[in-house]
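Below: one structure, written as structure tokens.
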Ligand code: PRP
């Protein structure tokens, strides 16, 4: 039997906003993903399955062809690289901004700026492009704590409403990139399963446009 076409997704906000788009493309999981501890799900479309991964692992699975397609935040693609992947569609969901942030009245007496982030590659490139010498501190969450606890002078993080920064006395400083979820496709799968994949990309594209028109 032919291997199922596998689409990699992540739980949380991306999953919630992706399922209606997949539904319009004729793909719905046969059970409730959010309520299950399973990681692989058959779908209503014969020969298509969904796999649930950490966002940072989606580019890896798709690059190696363990998943044929994936839906992942642009932040992950910028941080972990998009080599070996096609990025045919901006799904325009989970939209937010990648920014530097910190205290507006920060007066560090350190000789070099300290920046805490889970996006250390993006952060390194950003400060290097400005000609600012900065030391990176890798964190895995709750970046806002780093300036509060004097672990770092600034952070590089996702900003949506800005509420988390405000609640911790900080503000967004510099815009680095607009972020949204992207559809990525393994390059070999694009050749070997071209008909199915391009039909899905087309249907998802129509669904994204329709959503855009509904929103105005
Ligand atoms: C993200 C980000 C901020 C927050 C920003 O965290 O790291 O903490 O959302 O949103 P806001 O501007 O609307 O306050 P998320 O909740 O995704 O959890 P994470 O720390 O696991 O990334």
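Numbering (this note's numbering), first residue to last: 125 to 340.
Don't be surprised by glycine CBs; every beta carbon is placed ideally from N, CA and C.
May I ask you to list the residues that DSSP assigns as paired with residue i?
i, result
"residue 314", "DSSP lists no partner for residue 314."
"residue 210", "309"
"residue 304", "Bridge partners of residue 304: none, in fact."
"residue 231", "In the DSSP output, where bridge partners are listed per residue, residue 231 has none listed."
"residue 239", "260 and 278"
"residue 165", "174"
"residue 296", "225"
"residue 122", "Only positions 125 to 340 of the chain appear in this structure, which leaves residue 122 out of reach."
"residue 283", "221"
"residue 153", "167"
Return the Cβ separation of residue i and residue j in integer angstroms, given the expectation that the two are a contact with Cβ distance under 8 Å.
i, j, result
"residue 215", "residue 306", "7 Å"
"residue 311", "residue 208", "6 Å"
"residue 129", "residue 192", "5 Å"
"residue 163", "residue 175", "6 Å"
"residue 196", "residue 309", "Not quite, the Cβ-Cβ distance comes to about 11 Å (not below 8 Å), so this is no contact."
Leaving out the 5 sequence neighbours to the left and right, which residues in its chain are closer than 7 Å to residue i when beta-carbon positions are compared?
i, result
"residue 149", "324, 327, 328 and 331"
"residue 178", "134"
"residue 299", "221 and 223"
"residue 248", "260"
"residue 141", "217 and 218"
"residue 289", "225, 268, 283, 295 and 296"
"residue 155", "165"
"residue 304", "198, 214, 215, 216, 217, 218 and 219"
"residue 153", "165, 167 and 174"
"residue 145", "215, 328, 331 and 332"
Going by beta carbon distance, what residues of the same chain come within less than 8 Å of residue i, once the five residues before and after it are set aside?
i, result
"residue 277", "226, 230, 232, 234, 237, 238, 239 and 271"
"residue 180", "200, 203 and 204"
"residue 187", "207, 208, 209 and 310"
"residue 321", "129, 192, 193, 309, 313 and 314"
"residue 264", "242"
Excluding five sequence neighbours on each side, which residues of the same chain lie with their C-beta closer than 6 Å to the C-beta of residue i?
i, result
"residue 262", "244"
Inset, instruction - With the ligand PRP as the reference, list in chain order each residue whose Cβ lies under 5 Å from any of its heavy atoms. - result: Matched residues: 265, 281, 282, 283, 284, 285, 286, 287 and 288.
Legend entry - Inter-stretch contact at 8 Å, needing at least 3 Cβ pairs: the segment 275-293 / the segment 160-172: No: the two stretches stay apart, fewer than three of their Cβ pairs being nearer than 8 Å.
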